[in-house]
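Working notes for the structure below.
Number of protein chains: 4
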Amino acid sequence: MIGRARMNNPPTIGSLLALLLMGVPLEAQAPPLPVPRTDPSGPAVTFDFPGMRVGVGEYEEGPTGTTVFYFPKGVKAATDVRGGAPGTLNADAVRLAYEAPMMQSVVFSGGSWYGLSAATGVANELKVMRAEQGQHDFIAGVLGAIIFDVGGRRFSRVTPDDRLGAAAVRSAREGWFPLGARGAGRFAMQGVFFLDGPLADASRTWAHSGQGGAFRQIGPTRIAVFTVVNALGAIVDRNGRVLRCRRNVATGDCPAISSLLKDHLARVQRRGGGTGPTGNTTLTLVVTNQKLPYADLQRLGVQVHTSMARAIQPFATEEDGDVLYAVTTDEVDNPSLPSIQLGAIASELAWDAVLNSAPVLPPTSPRTPTTLSAERLAESVGTFAFHGGGTLSVSTGATGLEARFTGDGRMYFAADRTYRLTPIAEDLFLVVGPAEDVIRFDRRAGRIVAITLNPGPWAQSANRGMPR
Amino acid sequence: MIGRARMNNPPTIGSLLALLLMGVPLEAQAPPLPVPRTDPSGPAVTFDFPGMRVGVGEYEEGPTGTTVFYFPKGVKAATDVRGGAPGTLNADAVRLAYEAPMMQSVVFSGGSWYGLSAATGVANELKVMRAEQGQHDFIAGVLGAIIFDVGGRRFSRVTPDDRLGAAAVRSAREGWFPLGARGAGRFAMQGVFFLDGPLADASRTWAHSGQGGAFRQIGPTRIAVFTVVNALGAIVDRNGRVLRCRRNVATGDCPAISSLLKDHLARVQRRGGGTGPTGNTTLTLVVTNQKLPYADLQRLGVQVHTSMARAIQPFATEEDGDVLYAVTTDEVDNPSLPSIQLGAIASELAWDAVLNSAPVLPPTSPRTPTTLSAERLAESVGTFAFHGGGTLSVSTGATGLEARFTGDGRMYFAADRTYRLTPIAEDLFLVVGPAEDVIRFDRRAGRIVAITLNPGPWAQSANRGMPR
Amino acid sequence: MIGRARMNNPPTIGSLLALLLMGVPLEAQAPPLPVPRTDPSGPAVTFDFPGMRVGVGEYEEGPTGTTVFYFPKGVKAATDVRGGAPGTLNADAVRLAYEAPMMQSVVFSGGSWYGLSAATGVANELKVMRAEQGQHDFIAGVLGAIIFDVGGRRFSRVTPDDRLGAAAVRSAREGWFPLGARGAGRFAMQGVFFLDGPLADASRTWAHSGQGGAFRQIGPTRIAVFTVVNALGAIVDRNGRVLRCRRNVATGDCPAISSLLKDHLARVQRRGGGTGPTGNTTLTLVVTNQKLPYADLQRLGVQVHTSMARAIQPFATEEDGDVLYAVTTDEVDNPSLPSIQLGAIASELAWDAVLNSAPVLPPTSPRTPTTLSAERLAESVGTFAFHGGGTLSVSTGATGLEARFTGDGRMYFAADRTYRLTPIAEDLFLVVGPAEDVIRFDRRAGRIVAITLNPGPWAQSANRGMPR
Amino acid sequence: MIGRARMNNPPTIGSLLALLLMGVPLEAQAPPLPVPRTDPSGPAVTFDFPGMRVGVGEYEEGPTGTTVFYFPKGVKAATDVRGGAPGTLNADAVRLAYEAPMMQSVVFSGGSWYGLSAATGVANELKVMRAEQGQHDFIAGVLGAIIFDVGGRRFSRVTPDDRLGAAAVRSAREGWFPLGARGAGRFAMQGVFFLDGPLADASRTWAHSGQGGAFRQIGPTRIAVFTVVNALGAIVDRNGRVLRCRRNVATGDCPAISSLLKDHLARVQRRGGGTGPTGNTTLTLVVTNQKLPYADLQRLGVQVHTSMARAIQPFATEEDGDVLYAVTTDEVDNPSLPSIQLGAIASELAWDAVLNSAPVLPPTSPRTPTTLSAERLAESVGTFAFHGGGTLSVSTGATGLEARFTGDGRMYFAADRTYRLTPIAEDLFLVVGPAEDVIRFDRRAGRIVAITLNPGPWAQSANRGMPR
């Protein structure tokens, strides 16, 4: 019997397979297995880096995802694990100063520790891919790391798994890296550190980020930096301004980081600091084709990783499980580019990558209130159960629609609090509050059957009716 | 289309599921998905350690397996990674001196790097199990490490995966740890270091080991050590004798390690050393319920891990990817047992565990030649294709049956070499050579349809006929 | 016999003592033993941090020095070694997660690896000091780290030693930390990374820094950060401007770091990068009295160390042997100040400390040319031998005084190059070139007997006459 | 005024120099500065290893010492720090996988953390030596580590210092390594772990060890292992027997380690374990001339260090501050000797080195009681003050001479306990007890003026009369 746990968690493949083998028809096995999507739309950075393929896999049902870097010829690798409570796969193997190209893939993933399953899934799929090429005894070297995009952040407990990793590496191709809320960065956030006061009030500062990348060629040397920014700190541009400080709009009114830090620490000085939310991470990959001895490659990683304290402030806190991998295909000599200069260039690329991890958003929120009839409002009244648990009860109050949330806390709604819903379009309402979240009422055959919170890359759905 | 790769590798679940969903009948999808087995027979150590459950999962199709230690209440953990090219999951998270019980499981597995998939599978299954208990946002902490039991060691490329880990943790229970060729130790070996001369001639020294465990209670303190011995070195008993030096029998005629080392190094001195086979590892878990600050727990791990150089010689070579985890449930105070004494006790338990990792074997090999008729011998003539690739051609020669191997090298047969097969029972032949491997001819409806190499825990099967 | 080596190196105490014991009069033993100075003038930061004493020792003969932090009651300590080719004493002992207050002192020093002698000197002196208090079996725990202030940077090879450390710890007192070119920061420099083109031309960017410190109290929590900045990168203020870009003046015309980096990397892109000078380091100490478990203390160190990438750019390169120690006296509980906020505050203090490490300098260089008589100029003609080797030959040329340098390269003078000397005051000449170094002709009894290069904290002296 | 502290501690050079400069005559400055001795007698291992020089320096006044390995051309180095509370100099610099020969010297020393001063002393002396050769800007790379030979072990607080290191490196020569109680091993001990019951009763197991070394050549490859054994565990031979179990004799009646461990742990099981004495360490240097990439060199160190758990049991406990350095001069290629075989050979050399670290001792203690006249006995009555503090009062009792100790505890005498002294020769008495220590009464002009405890390598002297 599939109980509440089954509702809140996707079925494991094993359990689904068992049901299939038992003859249970697919449609009876709710909820369906999430579907890997590997061809994301939206902005991407393109470049010419032969020998490196990038694949992303996403579960809309999360939303969450994984990003795979695949180097068919193998790379020499080093790591710089700086994080608190990091999640890593095989980082130990690249601490031993091996000069051999032992690793074939680096996999970043959402899903907290569960997401490392995507990395082992990549390994398993590489096993198959290599066997298809006649390399039956090939042992694939895969490095993995993850971000925390679950817990109080989204309703769904879907996390990247073996299947998603396999799909992502199968789809990997050269010359391309999708930016923003894609792959492992699908549900990334940033800036939580500056959250001050009750969570819901301050959640405007809890803005989405994503994954970014930047590339440069200097003579024969190619160098690229890719990063998934799920940082406690805020993204800062080269003018010292915070890049994003509101969840749903890309407004330019964010403060200078120096004043934001000053104000925040003054408050801490005055009345102590909150413990704040936890579970942040920035994942970074530095890739080059320049020949570098292991010692230089490792130092390159240290230099670049440290430099990111400029682009993300604060950085490398105990609540950031930061992991960097530095890899080289060891293909070209470039005596005119010492590794220290390569490190400085890569550090600037890392900053560029952090900046372009911020997803494309509208410049301002839709603030045009609409007037809807009482009949229309009454249509929205009901209880909506989020797929991962928690219900939103919509009712009519003195000033129009109101909503109250019940269930495990998520960042959108505080418990024991009534939110006013202001109509801004037919079937579209603004949740009144600093975060300016939006609720869309979804219809089937004219009838409201579900709601979508924040339609777009970070959509969360809830079906009408109490959870079964 | 399923090509040669598909024959040599098990189907991924994803691919199988796709076929199922496409309506392809199961029987058309050869080879079948390996079946997790979680209730092993044979010797086990039993003990009273509330709060720790042990599960093993095995694929006969490998043979290979995984061993899961599950601590529902969580444990404080530390690690001592000493190996060359180790394979680890989440070891970084337990290097940061956290005093909190952050980890729920330690997973050891066969399958080289692919086997880490069993550990992520455990995590995913714990996610489901916790959700079943209402803990929907629980993040399971799983530590993983693997041994190399593939490559030139067995024909099958089946490796532990997500499903096997899930099955193992689901089946985990208290008070029990199966010994020998079980779980992660299903296809472990030891003593390869002393291999001298051509592989096949010397392969007698390449003896199987497995997993071992030992437990002791001192006042309120419980302490146990579990180990999976896939070492380059040889297992040595407390009298300084090598425990096992032949692959298929547990003969007591093994030399003293001191003379074995002396002779070996004299040969190296005289004519240089071979590079030898690679890919060994000893995995170890030290578990206690005694309260230990992180620093003491980490030192306990160092002391025990180092002490194992007595029981396995040589130890911690560059070809051993050794990993130890030390964990405590932090439940009892025991001021009369300082951690250094606890370390000395655990070191002796570790030696006991290494010793009882050696599987039960017959004391001598079956050397009673039988005479079979020419007609009987003729029945055995044919070509037999191992599931993971490679064929053995059996023919009649001047002295009876002979066999020649074609394909990727495995430890049993050198290429370009003819092996005599001596009958020792109806349908049972000894492969003449130091390893004394055995071939059983298997019949269906009276007709020989397959062979089994070394029937027993390490059986490898080959079907009659050329590979498709 | 005292040869050239003896001239270039200070006598060891042993050798001097031997001479004394042999009855050789002191004045015959040139050069004299350098004299520890422990009462520096100039700016200092003052604060109230009971239980921490600071002492500085300097050798004018270097100039070089050492800075000692002394905690009579001991501190719990952690480290974050990020540097290339670092020089450390006992850092290993504080990696093992000990909760005990095992360390009594942290010692930063000039002199490259030789300077670690000051740290062992502190240990030896603490042995005496403790014995004076009746603690005869006390083992003093001293952490040490050093900066490179020798090589091509100054003429003298005098480096901090046992005696200097002993003098510094003996003089240590509470509530005070001298800023700028003091103690270990006596001959520190920064900004070398941006040196472009020939060393001498670009040496204006090679500006002196020193040691800085900052303190804050938040409720019962005291926290201070001290740093010795000898960085490859440039010091950057909170507005993104480079703080110092000329050696001998504190002009405000330095560029924004963003444009400096952009221009530099564009040059690298265009024509490759120089390998640049080497041997830089930033040393940092974070001190608090707040109770912190080891894990939190270590994370505090990581957070603060990483944050310094904002104040020094680039930072943590392979040419920076950066070392941070984080220590706590573990005296006060402050639940309202989580360690992550403490880390953010300490990171700002670290930035303040980097900024106030820059020594006080005149805002502009003395550019008022004076006209001197030919007779006066002729007085200056001669050869001047620097104490550590190298001679400057002053002659009269077409346009006035000229100088040429012979010997091991130092940053002031390129070989095979003639420098014009412009009189700016009686006996004071500007070396024409971007660095705007100054030479003072020193007289005894009216006669010019020596020169002083850059009178002030970084003075280098040369006596008239060829070296003996 | 020189107080009690001055009596217990040697004067610092600085203080002595100050007195000399003040004109205070040398003889008034008691106690005299300890005198470095660099030409030890006794057994040594000799070998042919061009490019490595060994020097030892000793202070009889300790006794304590230092051992210096000097590689004029530099070596590539790696480290394996396994110890609790280790004392190290510059180990961090050889963790970064540098392939360059950055280090010139490895220095092992007695004196606990104070002894690192010998290593910085070597650096300072190398600075002078290099300058004598015209290398004025040379920065000497010195690795250091120490053993604990103070505290409750000896009366004197003299520890190795700058001067001793300088003397040792000046005297270093090729082809030679003194064995036993020499250099850093001058006052080393072993086997303390098995001490059971009151310290003094059990102190027979607290036997002296020292430093050992072993060398082998395999084709062009030279390899040597040197070790200073100050282990908590006991030295074990290749037959599994404890090598030394009594302090003053080399009797062959020591138990098998297996039974010793079994008995000890049975006692622990029965009645808990004592906390035991602390402060042990085994220091090891592996040297080869074979070319080894850094990764292989580091692995060589791990393999050898781990292997020593056979020769010292238990090993690598939290009370052992073990440090190993592995270095190569990178001079010869030897493809026929893979690094793993080199590691196995070096591991056997390490065992040989541990075994020959045990000093030469008489096979049995002098048990021939002599009868002395009452007049003779009366001559011995008096109080004797050890140089480092503590007094022994000798009186006549019912059965002859008796002694009682007052002061900080040392291993020889328990407080509040009367020891019988049995005459075994003119002026020579056995302290009755398991340790069988010997007291010699020393005469000047016929009168007893002092005693020497255990004349020989570990002699401790006490002058007649109360301490001033």
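Residue numbers (my numbering), protein chains in the order written: chain A, 48 to 515; chain B, 48 to 515; chain C, 48 to 515; chain D, 48 to 515.
Ideal Cβ positions, reconstructed from N, Cα and C, are used throughout, including at glycine.
What you are looking at is a predicted structure, and each value in this text was computed from that prediction instead of being measured.
Span of the beta strand (DSSP E) holding residue i?
i: Gln264/A; result: 258-265
i: Thr375/B; result: 370-379
i: Phe234/A; result: No beta strand (DSSP E) contains Phe234/A, which DSSP labels as neither H nor E.
i: Thr93/D; result: 91-93
i: Ser159/D; result: It is not in any beta strand (DSSP E) - Ser159/D carries neither H nor E in the DSSP assignment.
Beta-carbon within less than 6 Å of residue i's beta-carbon, same chain only, minus the 5 sequence neighbours each way: which residues are those?
i: Gly188/C; result: Met149, Met150, Gln151
i: Val169/A; result: Val115, Ser152, Val154, Val189, Gly212, Val216
i: Ile498/B; result: Phe431, Ile486, Phe488, Ala509
i: Thr36/A; result: This structure gives no information on residue 36/A, because the portion of chain A shown stretches from 48 to 515.
i: Asn501/A; result: Asp484, Val485
i: Leu568/D; result: Missing from the structure shown is residue 568/D; chain D here goes from 48 to 515 and no further.
Short of 8 Å in beta carbon distance, which residues of its chain neighbour residue i, apart from the five on each side in sequence? Order them along the chain.
i: Asp340/B; result: For clarity, residue 340/B is Pro in the given sequence; the question names Asp instead. Only Glu146 meet the Cβ criterion.
i: Val496/A; result: Asp489, Arg490, Asn510, Arg511
Using DSSP's beta-bridge definition, name the partner residues of residue i.
i: Phe116/A; result: Val101/A, Val153/A
i: Arg220/D; result: Val101/D
i: Gly270/A; result: Before going on, a small fix: residue 270/A reads as Ile here, not Gly. Note: Ile270/A sits in a beta bridge opposite Arg263/A, Thr335/A.
i: Phe488/A; result: Ile498/A
i: Asp127/D; result: Leu371/D
To which residues of the same chain is residue i closer than 7 Å at the C-beta, ignoring the five residues directly before and after it?
i: Ala254/B; result: Met236, Gln237, Gly238, Arg291, Cys292, Arg293, Arg294
i: Asp455/A; result: Gly436, Gly437
i: Phe241/B; result: Thr252, Ala281, Leu307, His311
i: Asp184/B; result: none
i: Leu68/A; result: In this predicted model, Leu68/A has a pLDDT of only 48, less than 50, meaning its place in the structure is not dependable enough to derive any value.
What residue range does the alpha helix (DSSP H) around residue i cover?
i: Asp310/B; result: 304-318
| said: Taking contact to mean 3 or more Cβ pairs, one atom from each stretch, closer than 8 Å, check whether the stretch 416-429 of chain C and the stretch 481-499 of chain C are in contact. | reply: Under the 8 Å Cβ criterion, the stretch 416-429 of chain C counts as touching the stretch 481-499 of chain C, having at least three qualifying pairs.
| request: Could you tell me which uninterrupted alpha helix (DSSP H) segments, each at least 4 residues in length, are contained entirely in the stretch 161-209 of chain C, listed from first to last along the chain? | output: Counting whole runs of 4 or more residues, the stretch 161-209 of chain C contains the alpha helix (DSSP H) stretches 163-179.
| What are the complete alpha helix (DSSP H) segments, minimum 4 residues, inside the stretch 332-363 of chain A? | Secondary structure remark: continuous alpha helix (DSSP H) runs of at least 4 residues inside the stretch 332-363 of chain A, in chain order: 341-354.
| task | State whether the stretch 463-483 of chain C contacts the stretch 275-283 of chain C, with contact taken as three or more CB pairs (one from each stretch) at a distance under 8 Å. | result | No contact exists between the stretch 463-483 of chain C and the stretch 275-283 of chain C.
| query | Counting pairs of beta carbons, one from the stretch 224-234 of chain D and one from the stretch 296-311 of chain D, are three or more of them closer than 8 Å? | reply | No, they do not touch.
| Is it true that the stretch 433-446 of chain A meets the stretch 387-402 of chain A, where meeting means three or more beta-carbon pairs spaced less than 8 Å apart? | The answer is no - the stretch 387-402 of chain A does not touch the stretch 433-446 of chain A, with fewer than three Cβ pairs under 8 Å.
| Complete alpha helix (DSSP H) runs within the stretch 390-464 of chain A (minimum length 4 residues, chain order) | As for any alpha helix (DSSP H) of minimum length 4 sitting wholly inside the stretch 390-464 of chain A, the runs are 421-427, ordered along the chain.
| message | Pairs of beta-carbons, one from the stretch 172-186 of chain C and one from the stretch 82-91 of chain C, closer than 8 Å: are there three or more? | response | Contact between the stretch 172-186 of chain C and the stretch 82-91 of chain C is not established, with fewer than three Cβ pairs separated by less than 8 Å.
| message | So, does the stretch 346-353 of chain C touch the stretch 121-140 of chain C, judging by three or more C-beta pairs under 8 Å? | response | The stretch 346-353 of chain C vs the stretch 121-140 of chain C: in contact.
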